[in-house]
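Chemist: Numbering (the working numbering), first residue to last: 1270 to 2242.
Following this line, the structure appears as structure tokens:
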């Protein structure tokens, strides 16, 4: 309660003035003339529903001293009869003091009147004095980049908390934030900038209100240098090998350090300096030649806000180790096979200890301790399919030998075939080829179908062995073409060829990419025909022929095999494989005749035939026979040329073939690119191939346009329409797979070669192990060339899509089979990358299967992990090889590719996911770099390692611990 004194000048004389005068008291009264007034004893008058006038208390008990001030406008009279009435209000009472002037002496009487009683006049008070504020804030000590809370208390002078009052915080005079008081507390969250370590002035100011004054308080914000943490595991590597050291460097509050110099040392010798960025720094180093343990040091320099830090770990330089295991293991189904591995250093010294893990198709079947460098395991093949199985042997290393691995193949068969059975079937197949002019898709042994690849393996093997034979689901990957027809491949050469084929099948599971015999390239079909005829001859004649002639399957008419040893030197005719000319023009046909060493034929005649008719016979001069021919009589686009050499006294007769292709119109490279774009648009509109492609007023057949599209991928020369035919009968084995650039470029060359050589499309179209229909191959290559037209470069891959649903699949919808909501701030964990093909058609299809009927983000995440774990197996190799889609299609991959698939499916389901990389200690004893996924669900990161069936969502059991973990949104390797 505030005290206010009012001075009122009263001119009227009340009845109270006649009361008895109280004793005089020295009370100072200040008038505007600064006269000193003599006070009189106050009279206390108490009113209790009735005013008792002149009731005077004892002066000694009720006298109050008061300083009375008049305002500038007040006038105090010294004349007799003049009074001064002073009223003082305290709590519920009003004390009135009457001062009477007489002969310059003022008599003062005091009356205390209780309010709400019978008072003639009640005096009012005003409250125009504001309360002061007690504001406190304590000193703060912290580090740069740390989040702190600034607290200040604000109370009135009578200890009442302030509420909803503005408060401002400043550091060194700069406002850092504003807030309001709540129950006497002003609180502000603040992240300290990257300031240097020193003292800063911290001020808090509370604003003025209607009842309180503004107030400020100061304290000290003391910044000290922060501690630095370095995380880096130990490293093991072979001598003189490259290793990348990776260190994770943070402040004490786990904030990544940035732009600070880091020094790496080995045995206290500096090997390099780098700069830490976003908490990470790398250093590439070539290890010493001497195997031993070295001290690896990482040192971070001091900054104005962080302390320096030194961290030590080990660099173990180990002896290179080597695993020796059979390159090819064959076993029957339901038998027991023994797998044996030998571990040595590069000089042959046996490893004294360590463990060897044996894996089949990515799954560990056993871990064996080394004994004198050897480890063996017996395995029952009952669980394996009758096919090629991948065997991986992983050595864990020891204190002297480094970690290493080796791969081999375990081929399991369920049925055997005898030597004589194969000879008889070779005879049957030879008859079939010469009747139908093509290789059979399969060969029947009773009721058992054997693929053409497996039969070529058997035919090749029968030329060097008469043991038992098996069908092992081999593949054809040969891309070479026949360089010369009509040449004789002698016994030693075709037997060597058969051994090469067997070795390739045994080692890789497929035919050689390039087939060669006696320096001549052969296509898969022509090699098949050549060796089958040799074995057929063996069946009939009980001995192998001296040579077998390279013949073109489409024109096979007889076995062309003789057992007669030639008495003359073999001759060789060289002519262009394909001759292209405009219709009604003159073309030059040139044949060169030599022996097998290149010596020119000195004489003889060469007959030129077109479509079986001899057009001219020319004498050989210096080994050359040349003919100019006008193409006007020819009506067909594709014409067969046969060149027949008559022989002479030294050289035997010989024959070879070529092709003469005629065209009416020439089309440019850019014209073909533009039309590929138009055809793609047409296909995606009508779900069908156009019968004719119009180049202005010139119509080009559908088949000729496929030839142009195939050729455009390997040349930018002129293009022609040649009247080709379509004879493809294969169907598409798998949709949604990506055919990468090298593979579809190889396919285009194969198709162009088939058109050039035979005049029609391949009977079977295969690419990257997948069969394609004529229509789907046409659509796949057309889209690649269309992309080239639009983007000026070829796509990295082209997806196999069904032409019948082209308008639905060519531009995959962005609709997602999952409706999960992405948490704020986590959209960065949904991005697509080169090897993590988020929202691709193949990944969406897999996701739809994985989460069919499953609701809820957590449940879908579990379902996706289980799907990947069920449908993939582990295969050992380094870094990315296949990516998410490639791993999905193959059904196997290493830890990196498995993580790609898990993350691609999670992100497609709108579930944030990221990569983790660390050195892991596996329960098998293996210590190696490893990658797995982390998935963010319901506010928590869950571990997902799909490399072992023992692992579950959020739980990893195939490894026990790991070094420092590096996390990535997109994996760089």
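Just so it is clear, CB atoms sit at the ideal spot from N, CA and C, and this is done for glycine as well.
Keep in mind it's a predicted model, so treat the numbers as computed, not measured.
#1: Per DSSP, residue 2169 forms a beta bridge with which residues?
#2: State the DSSP-derived secondary structure class of residue 1798, mapped to helix, strand or coil.
#3: Applying the criterion that 16 or more other CB atoms from any shown protein chain within 10 Å of the CB defines a buried residue, is residue 1867 buried or exposed?
#4: As a quick exercise: from 1515, 1526 and 1415, pick the residue whose alpha carbon is nearest that of residue 1552.
#5: In this structure, does DSSP put residue 2164 in helix, strand or coil?
#6: Taking the alpha-carbon positions, what's the residue 2032 to residue 1997 distance?
#7: In the structure shown, what three-state DSSP assignment does residue 1968 receive?
#8: Using 8 Å for Cβ pairs, my map puts residue 1873 next to residue 1915. What's the rounded Cβ distance?
#9: Is the beta carbon of residue 2143 sitting closer than 9 Å to the one on residue 2115?
#10: With a CB to CB cut of under 8 Å and the five nearest residues on each side skipped, what residues in its chain are close to residue 1613?
#11: Could you please give me the residues that DSSP links to residue 1655 through a beta bridge?
#12: Leaving aside the five residues before and after residue 1482 along the sequence, list all residues of the same chain whose C-beta is less than 8 Å from its C-beta, in chain order.
#13: Quick check on the DSSP output: the alpha helix (DSSP H) that includes residue 2053 runs from which residue to which?
#14: Please give me, in chain order, every unbroken run of the beta strand (DSSP E) with length at least 3 that falls completely inside the region 1882 to 1955.
#15: With DSSP collapsed to three states, give me the class of residue 1754.
#16: Does the beta-carbon distance from residue 2030 to residue 1995 come in below 9 Å?
#17: For the alpha helix (DSSP H) containing residue 1766, name the first residue and the last one.
#18: May I ask you to verify whether the region 1484 to 1491 touches the region 1405 to 1413, counting CB pairs closer than 8 Å and requiring at least 3?
#19: I'd like to check one pair, residue 1839 with residue 1923: are the Cβ atoms closer than 9 Å?
#20: Leaving out five residues on either side along the sequence, give the residues of the same chain with a beta carbon under 8 Å from the beta carbon of residue 1671.
#21: Quick check: the Cα distance between residue 1581 and residue 1541, rounded to an integer number of angstroms?
#22: Could you spell out where the alpha helix (DSSP H) holding residue 1457 opens and where it closes?
#23: Who are residue 1515's beta bridge partners in DSSP?
#24: Using DSSP's beta-bridge definition, name the partner residues of residue 2201.
#25: Does DSSP put residue 2122 in a helix, a strand or coil?
#26: Touching or not, the region 1943 to 1960 and the region 2044 to 2052, by the rule of three or more beta carbon pairs under 8 Å?
#27: Taking the straight line between their C-alpha atoms, what separation do you get for residue 2204 and residue 1972?
#28: Taking only the alpha-carbon atoms, compute the straight-line gap between residue 1583 and residue 1536 and give it to the nearest angstrom.
#29: Helix, strand or coil: which one does DSSP assign to residue 2234?
#30: Using only the alpha-carbon positions, how far apart do residue 1685 and residue 1602 sit?
#31: Looking at the secondary structure, which residues open and close the alpha helix (DSSP H) in which residue 1694 lies?
#32: Buried or exposed, going by whether 16 or more other CB atoms sit within 10 Å of the CB of residue 1413?
#33: I'd like to know whether the C-beta atoms of residue 2039 and residue 1750 end up nearer to each other than 9 Å.
#34: Taking 9 Å as the cut-off, decide whether the C-beta atoms of residue 2240 and residue 2186 are in contact.
#35: Compare the Cα-Cα distances from residue 1767 to each of 1754, 1791, 1755 and 1748 and report the closest residue.
#36: Name the two residues that bound the continuous beta strand (DSSP E) containing residue 1862.
Modeler: On the basis of the coordinates in this document:
#1: Looking at the DSSP assignment, residue 2169 forms no beta bridge with any residue, so it has no partner.
#2: helix
#3: Exposed is the call here.
#4: 1515
#5: Helix, per DSSP.
#6: 4 Å
#7: strand
#8: About 5 Å separates the two Cβ atoms, so the contact holds.
#9: no
#10: 1590, 1591, 1593, 1619, 1620 and 1642
#11: Within the DSSP bridge table, the entry for residue 1655 names no partner.
#12: 1399, 1400, 1401 and 1402
#13: Start and end: 2043 to 2060.
#14: 1882 to 1888, 1893 to 1899, 1907 to 1914 and 1923 to 1932
#15: coil
#16: yes
#17: 1760 to 1777
#18: Taking a cut-off of 8 Å on C-beta distances, the region 1484 to 1491 touches the region 1405 to 1413, as three or more cross pairs fall below it.
#19: yes
#20: 1505, 1506, 1507, 1587, 1588, 1589 and 1590
#21: 15 Å
#22: Where residue 1457 is concerned, there is no enclosing alpha helix (DSSP H), although the beta strand (DSSP E) it sits in stretches over 1454 to 1460.
#23: Looking at the DSSP assignment, residue 1515 forms a beta bridge with 1551.
#24: For residue 2201, which the question treats as bridged, DSSP gives the partners 2185.
#25: Note: residue 2122 maps to coil in three-state DSSP.
#26: yes
#27: 49 Å
#28: Those two C-alpha atoms are separated by around 10 Å.
#29: coil
#30: 11 Å
#31: 1688 to 1705
#32: buried
#33: Going by beta carbons, residue 2039 and residue 1750 fall outside the 9 Å limit.
#34: yes
#35: 1791
#36: 1855 to 1864
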